[in-house]
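Protein chains: 6
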Amino acid sequence: MEKIEIKDMYKYLNQEIDTYLLVTKKELKEGKNDRYIRLNFADKTGNISGNIWNNALSMMDGYGEHDVVKVRAAVNSFKEQTQLNIKKIRKAEPNEYEMSDFIQTTKKEVNVMIDELFVFINSINDEFIKKLLLSIFDDKETLLKFSGCPAAKNWHHNYVGGLLEHTLSVVKICDFASKEYPVNRDILVAGAIVHDFGKIFEYTAPPILDFTDSGRLIGHLILGDEFITKKANEINLFPPNTLMKLRHLIASHHGEMEKGAVKIPQTIEAIVLHFADNLDAQTMGVHQLIEAANDPNARWTEYDKLNNRYIYLG
Amino acid sequence: MEKIEIKDMYKYLNQEIDTYLLVTKKELKEGKNDRYIRLNFADKTGNISGNIWNNALSMMDGYGEHDVVKVRAAVNSFKEQTQLNIKKIRKAEPNEYEMSDFIQTTKKEVNVMIDELFVFINSINDEFIKKLLLSIFDDKETLLKFSGCPAAKNWHHNYVGGLLEHTLSVVKICDFASKEYPVNRDILVAGAIVHDFGKIFEYTAPPILDFTDSGRLIGHLILGDEFITKKANEINLFPPNTLMKLRHLIASHHGEMEKGAVKIPQTIEAIVLHFADNLDAQTMGVHQLIEAANDPNARWTEYDKLNNRYIYLG
Amino acid sequence: MEKIEIKDMYKYLNQEIDTYLLVTKKELKEGKNDRYIRLNFADKTGNISGNIWNNALSMMDGYGEHDVVKVRAAVNSFKEQTQLNIKKIRKAEPNEYEMSDFIQTTKKEVNVMIDELFVFINSINDEFIKKLLLSIFDDKETLLKFSGCPAAKNWHHNYVGGLLEHTLSVVKICDFASKEYPVNRDILVAGAIVHDFGKIFEYTAPPILDFTDSGRLIGHLILGDEFITKKANEINLFPPNTLMKLRHLIASHHGEMEKGAVKIPQTIEAIVLHFADNLDAQTMGVHQLIEAANDPNARWTEYDKLNNRYIYLG
Amino acid sequence: MEKIEIKDMYKYLNQEIDTYLLVTKKELKEGKNDRYIRLNFADKTGNISGNIWNNALSMMDGYGEHDVVKVRAAVNSFKEQTQLNIKKIRKAEPNEYEMSDFIQTTKKEVNVMIDELFVFINSINDEFIKKLLLSIFDDKETLLKFSGCPAAKNWHHNYVGGLLEHTLSVVKICDFASKEYPVNRDILVAGAIVHDFGKIFEYTAPPILDFTDSGRLIGHLILGDEFITKKANEINLFPPNTLMKLRHLIASHHGEMEKGAVKIPQTIEAIVLHFADNLDAQTMGVHQLIEAANDPNARWTEYDKLNNRYIYLG
Amino acid sequence: MEKIEIKDMYKYLNQEIDTYLLVTKKELKEGKNDRYIRLNFADKTGNISGNIWNNALSMMDGYGEHDVVKVRAAVNSFKEQTQLNIKKIRKAEPNEYEMSDFIQTTKKEVNVMIDELFVFINSINDEFIKKLLLSIFDDKETLLKFSGCPAAKNWHHNYVGGLLEHTLSVVKICDFASKEYPVNRDILVAGAIVHDFGKIFEYTAPPILDFTDSGRLIGHLILGDEFITKKANEINLFPPNTLMKLRHLIASHHGEMEKGAVKIPQTIEAIVLHFADNLDAQTMGVHQLIEAANDPNARWTEYDKLNNRYIYLG
Amino acid sequence: MEKIEIKDMYKYLNQEIDTYLLVTKKELKEGKNDRYIRLNFADKTGNISGNIWNNALSMMDGYGEHDVVKVRAAVNSFKEQTQLNIKKIRKAEPNEYEMSDFIQTTKKEVNVMIDELFVFINSINDEFIKKLLLSIFDDKETLLKFSGCPAAKNWHHNYVGGLLEHTLSVVKICDFASKEYPVNRDILVAGAIVHDFGKIFEYTAPPILDFTDSGRLIGHLILGDEFITKKANEINLFPPNTLMKLRHLIASHHGEMEKGAVKIPQTIEAIVLHFADNLDAQTMGVHQLIEAANDPNARWTEYDKLNNRYIYLG
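Protein chains in written order, with this note's numbering: chain A, -6 to 307; chain B, -6 to 307; chain C, -6 to 307; chain D, -6 to 307; chain E, -6 to 307; chain F, -6 to 307.
Below, the structure is given as structure tokens:
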């Protein structure tokens, strides 16, 4: 059986389909006459919701959030959304699907990127800073979380591995800038490496891409700061001034308070990091828009609502 | 000898005065022909700067930052500022002055305020939260720092004890609100107590009121969050959800990102705390403006540049 | 027969239902081939529109705006809206329905609130101010309008009695604040009582909640100011300075010009009133969001578009 | 004796001058050792302050606010301001000065402008509106106040007669626009005539140009609305819809809430009035800047701080 | 056969219609199972899209963009849009339709407006400026483009002839203003004539109203400036200062940078032009809203999303 | 004789000095009793103004704008400014001074930078683009203007050679980015080379750094666009699409309309260029602040008013 991608489901409006989907949320709800099940699904092309209106209680078991399921469903339109009216559902067997069909992932090689990251870590001269970074990334579990994390939910790098990919790009720009401007390269490169580290606490683990509660309530700036500070404090005699500067880079990398910075950049390294972060995030955001415009004849992308523009492809 | 208050010094323009001043900064600078000493002074009525142009090297010793000094100086005007040209300077003897003439201090009784604070702490039902607060405020040194700290540098409560005074007022408003609205009183009152706690790290210790380096680079939101989180983690089984909510109250109490909030309020307690904080800060800011208008015939205060208005006294 | 609540009608998509509804608008329109009737309905759970496409002229009579009607209708979806295609309609008999099912109303006791309001009025020491307030609220018709008025159309307290409920809460906060801050309590409490009074002219009378024309074109600030000024001018020797201060509280209570204030707050009472108003409005707005999240398992409310956030329930 | 204009006084720095000045404020203040008198002066070229440091009590009598005085004074510089240190002061005799040297006045003929205004009033077809306008402007005292009032304190038309001059220009633009666009000319022209009428309550009477207390606390929008509404209510059967539209024109003529509009324009007449008002105010503001650049060789005006620009004269 | 206007098509939901439409875009797309044709249509009442799902390849020929076609189609609703499912399509014969039914056009006489424009051109005293304008508008092809161009895509004057109509209105206001204010009338009137000239490069030629690529990427300010500058440079000895001022009027007529001005107005003529432009654009925008409210009983227009308001019709 | 640098002149307050200065402006003004000469001076450390109060007419000759003069002057303070009261003035002989003392100049080697620029030009593959750039920079006079031009008046790179230095840095960042992102390197690098080219028309020629009239009224975006377009149009068959993209890079490189962009970036190259431009400008701006903090003990720079911050040096 063919899998139908979520982005194409609108083409089956008012038809019945059989396909595979990843369950991202499952709730039993009180309906007017009866209970029903509300489900959220995802695959690597998008999200869709669905309902089981009849015999909800008897259809609650055998599958759950994080499972890939096989469903038979009618495709409906409700409010402005395509929606599934689910008739049958069961957990899929591992051999029925490829997990990679359900998770959007970086197109780059994760291992190669990790190697590159370590080359940068090892290029740092300040022994304390290097020790701090190694104490973080030498931990297998942390590295796994880091390299599996997205860099955003909606805009640029919003896929598994996106955080690693984005981090590495920002590091490269900062490394380049450190040759052009009179900055402290060790502080700048280390700051680039950890600037978004808190995102491993801000997003849920794959395969489901969403905010954690503490991600929404506290955010990656504070959560990253907390972790880095704890790690530095575990290192004997870690210089307080160095730690303060690194923390400032995390606190200020969004550049302006209305963009979420706790402090505006107040060191030259913080300035460079902020603009390097912006350069990569915006360029890749636009690149993703361009890639999504898969019609070879199109002269403009779809409308970019966030920035009120189309991107020219001609 | 009479002390001349800094706010009155402009009246001695082009005259020579003898008076007492608190040294808040002392620097040896390279002048054109020779070195000179640049000094910043304060008393409880304001700040002024001065220079020692001649024989700087021989006049560097015997006094320093944090000392009260006796000076003979000519009052000059440079650029838009009144400034002192210092002829003589020496450290004052303890019996020559009252320290309270050099430090602006809350007009309320510090001990009474501390007692009131503890009444609120003890009114909390949640044992973990109460334990957390006691672990913080039972520490003598912390309590001393807290009760000696200002709540701001320029605007409301910018004096020794201001942080305690402001905190207590916000707590009272939140306590009142907890009777009017369906909130978790324990979380709300505790959040009010610690919302500005990080200011003990953001400001220098009395008698000098200024920002610390980490205050400027990292700020009281993160520094307060760090301390509270550390203290909670020292308590066995402290509920993570409770801690997350408290941290959210600290992170969001400025209300809007452009006003410095890391996150906008996302719990009902965070909403109440933000507006309680604003109510006290703005009301007391205006109250200080009104008090400064000491002319009984004045119908309006001086211009409030921060808010583009005069306050009506009539 | 069971009444189907408007908020549940989407569940009957493409079905035919029989139910009761309040008519809030009735218009005869020119269609392409024929005339049709366009109707707006409400009940205490929301609003919905409907059309009578056939035999419009013969179905125009016997019911009108402000009536509760019994309808038979097909539930359709047009553009992003659920909509009724009406087959039958007639005015309902008084014994068929409870008016309270069609009007969203404060959950508090109106009489108790009125009593509380009078306690505050009578607590005012300034005889002129007290006389002014009594001259307003002793009028039965005015009191009826006031206590039946909502405080907003969409956000907080958007139900019958909401204005009274909101006013009383703001008064209580101001009363509390008058013990904490050096304010003129009489001016402040009176200002709180009348700050939104103009809303009785800004909104239509129940059961229909909408803006009046003068509400949209002139607004409750000016309309309230006009009424209070007229009432004060009817009192012999009412002190002009007192009246000016009360008018300033009305004119400035929105706090900032971009939020609709005619003047920014320029007295300490105006500052307190503004933040008290905000505290109650925002807290109750969030409280209504939380109440609307009636799923006991939900960890977050629905998205709050006005403020770009979810509210945490966990 | 020659009068020295205030704008030229900086040329007499550290010299002693004899000249005539209008007293706009006189206060007896508590100095350090003694009382002193603080005075504000004006002439048609600007404002300056001065002090009487010695023998203040003996120099308090014989002159007051609104008087022209003869002074002998030393010209000093304090902070960034030129200031007078007054040695002698006495009320000037009527034959010593021309009042017109102390008050900045429109360059147009007031009587001609009044005649033009009446031509517009009489051109209105709607009998109620015409009656309303005549009931206002036929009152000699009101007309005198109106024609002696400035239209602003700092920016455009900030001189005696400025309100009449500005009003007439806006009326002319609206009259012109009424031929180009499908508007209700009577409403539009009447709205233009009264749009800033409240300024007669917002500014003090000549010769002193300042805000009144109610001007600052309530503002010309509400004060004007109050007056017009009262006058309309005195006319038997004045149509409520007409009054509502006129009031909307007053309430909305600033165009945007952050510019002080109570309501944004919601009728086509309100749109036209707003832009006509802006066109005249901005053009005349720039014209005054250009006139102030009295150097025939200058290619650019002084910096226009309000709008961050120079105006090109070349 | 009757033509069904696009604005009425929603009334035929789920029915099949025969009608005429202008093709504005035609694309062959890759569908899931097969290719399909996506079409955009327009008439003078609006836009609609449609698809040919079956036998796409065989239905590609015989018609194209800019053609009027006859279609048979089912009217569907997809997402929030009415959409056509096309069954038959063929190019319409010239005698089947009036082109004017497909293009929204100014209601004024184009020839009369052109004559008026030339009267203004000939009223200019400066020989260089007059020569410049004649060199532009005496060119038949340019004049044709100019008089066929809209002044906007969505808001005011968004129809064929709109640019000419808007230009002429702005010229008239400027001409009027030149009698009221001390401006250089030649510069002002000429600036008004050419201020939006670049729109002939910014919009596609009728019958299709859309942006050109260079309109989106470079914009009418620069494109207009380029053309006018080129034309002036072709005139022997054209005074550089005159050209600079004209170019400034084009560069600054949007008034504020966030509204798209390259420079803010820095001459009095630029100020007048900016507000004249605004006056006409906003008034006509509102006028179009009012005209669109074709229900004679309506007291308010539809919601004006751009400005967050309804317009009062009562 | 020693030259006294302008930044040190405040140290000579109320003294008389002899020194050399560059005249940047000379005006004969009407004083109260007599004419006087107003002069503006510069050297590489700043600007100062001065007046010749006596015998102005006899001291007008023998020197002018762009000349270095020898002056004897008293150093005064007027308003918040240090100012010179000039007693003697004469044109300096060439052998009395080094021109380089009067002009702030890039610290990098101009010839080396030019060579680097040409390497980038020659690295471009697209023959048309390369031809365009060579046609511009092969012109000796243009190259001289370009390499002598500042990149700003107040903020970053505000010195002779600053434009070349800034351009080269932006080119390098773009060249680096072209390896990291899927961009058209030829378009991007060429756009970087010409993005600020119009500044050669926006600033006056050395030694005086100021805006030209057309710089203020039209600006470097349009002036640069005009020049590049003219040059491209001189090349036979220059591809219009390539030119349009280059023009878009110039028009959009400020990124946001409120920062002066005519269009927001709508190609991926425009995004990269904007952030590269920002990265260099902000980093160098901060670097200049840091350099200006020449006290080796300072922990913070002077206040950066433009961005409301100090920069940390510790």
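For each residue, glycine too, the CB sits at the ideal point set by N, CA and C.
CB contact flag (residue i, residue j, <8 Å)
i: Gln281/D; j: Tyr303/E; result: no
i: Val187/D; j: Ile228/D; result: no
i: Lys(-4)/D; j: Ile129/D; result: no
i: Gly253/D; j: Phe220/D; result: no
i: Glu89/A; j: Lys165/F; result: no
i: Ile41/D; j: Leu15/D; result: no
Continuous alpha helix (DSSP H) stretch holding residue i: start and end
i: Asp108/B; result: Val103 to Asn115
i: Ala225/F; result: His213 to Asn226
Opening and closing residue of the beta strand (DSSP E) in which residue i lies
i: Ile45/E; result: Gly39 to Ile45
Residue i, DSSP secondary structure in three states
i: Tyr90/D; result: coil
i: Glu20/F; result: strand
i: Ala183/D; result: helix
i: Gln76/F; result: strand
i: Asp270/B; result: helix
i: Tyr152/E; result: coil
i: Ala35/A; result: strand
i: Lys30/D; result: This sequence places Ile at residue 30/D; Lys is not what is there. If DSSP states are grouped into helix, strand and coil, Ile30/D belongs with the strands.
i: Leu15/D; result: strand
i: Thr235/C; result: helix
i: Val176/D; result: coil
i: Arg209/B; result: helix
Beta-bridge pairing of residue i - partner residues as DSSP gives them
i: Gln259/F; result: Bridge partners of Gln259/F: none, in fact.
i: Ala66/E; result: Ile10/E and Ile79/E
i: Thr308/B; result: Nothing can be reported for residue 308/B, as the shown portion of chain B is limited to -6 through 307.
i: Tyr196/F; result: Phe204/F
i: Lys0/F; result: DSSP output for Lys0/F lists no bridge partner at all.
8 Å Cβ cutoff, residue i in contact with chain H
i: Val105/B; result: Any reference to chain H falls outside this structure, whose protein chains are A, B, C, D, E and F.
Between the CA atoms of residue j and residue i - distance to the nearest angstrom
i: Glu73/F; j: Thr75/B; result: Residue placement at Glu73/F cannot be trusted, given a pLDDT of 49 that sits under 50; what the coordinates show is reported in the next sentence. Cα-Cα distance, rounded: 12 Å.
i: Asp297/B; j: Ala269/C; result: 22 Å
i: Ile10/F; j: Ile30/D; result: 40 Å
i: Lys18/C; j: Leu202/C; result: 11 Å
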